[in-house]
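**Student:**
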Amino acid sequence: MSYVCAKDALRSIESRRRNKKDLPAFQSFLKEVCPKAFTLPIIHVAGTNGKGSTVNYLRSQLQALGYRVGTLTSPALYVHYDRIRINDAWMKEDVFLRLVNRYDTRWQALDLAMFDIDVHLAMEWFVEEQVDFVILETGLGGRLDATNIFQPKICAITNIGHDHMQLLGNTLEEIAREKGGIIKQGVPLVTSEKRPSCLEVFKEICREKHAPFYECHAENVHTNRQGMICFESEEGDFITLSTMAGYQAENAALAYRIISLLCPAANKAVRLQAIQNSKWAGRFEIVSKQPLVIIDGAHNREGIEALCTTLQDLSIDTILFSVLKDKEGERMIECLRKVCNQLILCPFQQERLADLSALAKKYQLPLAQDLSSILQQRMAVDQRIVICGSLYFVSEAVKLFQ
Numbered sequence: 008m009s010y011v012c013a014k015d016a017l018r019s020i021e022s023r024r025r026n027k028k029d030l031p032a033f034q035s036f037l038k039e040v041c042p043k044a045f046t047l048p049i050i051h052v053a054g055t056n057g058k059g060s061t062v063n064y065l066r067s068q069l070q071a072l073g074y075r076v077g078t079l080t081s082p083a084l085y086v087h088y089d090r091i092r093i094n095d096a097w098m099k100e101d102v103f104l105r106l107v108n109r110y111d112t113r114w115q116a117l118d119l120a121m122f123d124i125d126v127h128l129a130m131e132w133f134v135e136e137q138v139d140f141v142i143l144e145t146g147l148g149g150r151l152d153a154t155n156i157f158q159p160k161i162c163a164i165t166n167i168g169h170d171h172m173q174l175l176g177n178t179l180e181e182i183a184r185e186k187g188g189i190i191k192q193g194v195p196l197v198t199s200e201k202r203p204s205c206l207e208v209f210k211e212i213c214r215e216k217h218a219p220f221y222e223c224h225a226e227n228v229h230t231n232r233q234g235m236i237c238f239e240s241e242e243g244d245f246i247t248l249s250t251m252a253g254y255q256a257e258n259a260a261l262a263y264r265i266i267s268l269l270c271p272a273a274n275k276a277v278r279l280q281a282i283q284n285s286k287w288a289g290r291f292e293i294v295s296k297q298p299l300v301i302i303d304g305a306h307n308r309e310g311i312e313a314l315c316t317t318l319q320d321l322s323i324d325t326i327l328f329s330v331l332k333d334k335e336g337e338r339m340i341e342c343l344r345k346v347c348n349q350l351i352l353c354p355f356q357q358e359r360l361a362d363l364s365a366l367a368k369k370y371q372l373p374l375a376q377d378l379s380s381i382l383q384q385r386m387a388v389d390q391r392i393v394i395c396g397s398l399y400f401v402s403e404a405v406k407l408f409q
């Protein structure tokens, strides 16, 4: 079938959203149709939280150094193919439609899942555009992820948390082993994880794979007079971020260490300025100043806890929150209600949405009708508002402020 409208093509691709895992078949297909994809220098990033931010800090440095950088992240914030970017400019609609029409028959014959298709679209375009580096964020887990068919130059794992436990394992160590599945023979791993039990899992895999192992953490994290986060890298360099979100220090430190290993002769001043200038939509993003409205993609227990650490000193009036049913909604609510005057649950169109009515009743919280109307209402009376929860919910919020 040949599509004339990108919306029709998107509808078809998004209908294939599922956790189908047949990496050998996908790898064989990609080697046949796009063999040059396997020659591109790749940085592979896994982890529970902070993957997208880490990818963005990596991209910012490499781009500032003069490289053309292809990135694949998820989920989308504006339109499906905004997750596929070169130098932070996402794939154009005509490119997307051209590639879909070229390969859709093959995709259907192979019964490829949506994320497999995204990986293929990204690599086709990166090869066409002759990028210098590719940064791939895993979609789910690591070991069985569609991004795990390549031999990267370096691997990174941001952290391990309680997410997708029904698929990845019931303990943090089991989840760590799934994420650690991205570690390749002889390829360095850099991680900002701190739990000894998870680190031991990574070290064990690295020993088996003869892969160099590096831990990386932000040192002396503090806030400057402008309210921005500052810290010291393990190399002794002082780094300033353009965000108030303390949790971003670990992501930026990880990205800085990776480029130090990958490009040891690169200009540090250029890299430091690139990190300072770097911004990532939907991650502690200030979308309005009067009143202050912050959108944050915290969508699981650890993400919400990190967000609350930053919010506890900001005197937040209202938090608008939504959560999917496979997340730890009750734990997240208990954390959020401590850092605001009012927590409001807000529904949105998503088949995996939690039972917000039941949560509202249990915790005696107000339940909004929809995001647009409650946001308009709260912006008329509040000084500081935060919108957080599911990344799909955050995407809806981002679109309202476009």
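Residue 8 is where the sequence shown starts when you use the working numbering, and the numbers rise one by one after that. C-beta atoms are modelled at their ideal positions from N, C-alpha and C, and glycine is treated no differently. Keep in mind the model is a prediction, meaning the values are calculated, not measured.
1) Please list, in chain order, all residues of the same chain as V141 whose beta carbon is under 6 Å from its beta carbon, the five residues on each side excluded.
2) Could you tell me the alpha carbon to alpha carbon distance between E241 and Y221, rounded to whole angstroms?
3) Where DSSP assigns a beta bridge to T247, which residues make up the other side?
4) Using DSSP bridges, identify the partner residues of F140.
5) Within the continuous alpha helix (DSSP H) that includes Y221, where are the two ends?
6) Tell me whether Q319 sits in a helix, a strand or coil according to DSSP, three-state version.
7) Have a look at P195 and M121 and give me their C-alpha separation to the nearest angstrom.
8) Buried or exposed for Q70, going by 16 or more other Cβ atoms inside 10 Å?
9) To the nearest angstrom, how far is the alpha carbon of P457 from that of E180?
10) Report all residues from its chain with a CB closer than 7 Å to the CB of A13; omit the five preceding and five following residues, and keep chain order.
11) Figure out for me which residue from H217, F245 and C223 has the closest Cα to the Cα of T230.
12) From this set, K58, G54 and Q158, which residue's C-alpha is nearest K216's C-alpha?
13) In chain order, which beta strand (DSSP E) runs of at least 3 residues are fully inside the segment 96-179?
14) So if DSSP puts K186 in a beta bridge, which residue, or which two residues, is it bridged to?
15) Helix, strand or coil for K296, going by three-state DSSP, please let me know.
16) Contact defined as beta carbons within less than 8 Å: I believe A32 pairs with L143. What is the distance between those atoms, to the nearest angstrom?
17) What's the C-alpha gap between A259 and F408?
18) Between the segment 48-68 and the segment 261-278, do three or more beta carbon pairs fall short of 8 Å?
19) DSSP three-state call for L331: helix, strand or coil?
20) In the DSSP assignment, the alpha helix (DSSP H) including G336 goes from what residue to what residue?
21) Exposed or buried, which one is V96 when buried takes at least 16 other CB atoms within 10 Å?
22) Going by Cα to Cα distance, which pick from T80, R391 and N56 is closest to E200?
23) Compute the distance between the beta-carbons of V167 and K191, then report whether it is under 8 Å.
**Tutor:** So, from the data block:
1) In its chain, beyond the 5 residues on either side, L47, I49, G77 and F133 have a beta carbon closer than 6 Å to the beta carbon of V141.
2) Distance from the CA atom of E241 to the CA atom of Y221, rounded to whole angstroms, is 11 Å.
3) Paired residues: C237.
4) Secondary-structure assignment with DSSP links F140 through a beta bridge to V76.
5) Here Y221 belongs to no alpha helix (DSSP H); instead the beta strand (DSSP E) covers F220 to E222.
6) In this structure, Q319 counts as coil in the three-state DSSP scheme.
7) M121 has its alpha-carbon roughly 29 Å from the corresponding atom of P195.
8) When all chains shown are included, Q70 counts as buried.
9) A query on residue 457 cannot be resolved here, the shown segment of the chain reaching from 8 to 409 and no further.
10) Closer than 7 Å at the Cβ level, and outside the excluded window around A13, lie E100, F103 and L104.
11) It is F245.
12) Residue Q158 is the option with its Cα nearest to K216.
13) If we require 3 residues or more, the beta strand (DSSP E) runs fully inside the segment 96-179 come out as 140-144 and 161-164.
14) Beta-bridge pairing links K186 to no other residue.
15) In the three-state reduction of the DSSP assignment, K296 falls in the strand class, which pools E and B.
16) Not confirmed; about 19 Å, so no contact.
17) If you draw a straight line from the Cα of A259 to the Cα of F408, it is about 26 Å long.
18) The segment 48-68, when compared against the segment 261-278, does touch it at the 8 Å Cβ threshold.
19) DSSP places L331 in strand when its eight states are reduced to three.
20) Note, G336: alpha helix (DSSP H), G336 to L343.
21) Per the sequence shown, the amino acid found at residue 96 is Ala instead of Val. Under the 10 Å beta carbon count, A96 is surrounded by fewer than 16 other beta carbons and is classified as exposed.
22) Out of T80, R391 and N56, N56 has the C-alpha closest to the C-alpha of E200.
23) The displayed chain sequence assigns Ile, not Val, to residue 167. Cβ distance not < 8 Å, so I167 and K191 don't count as in contact.
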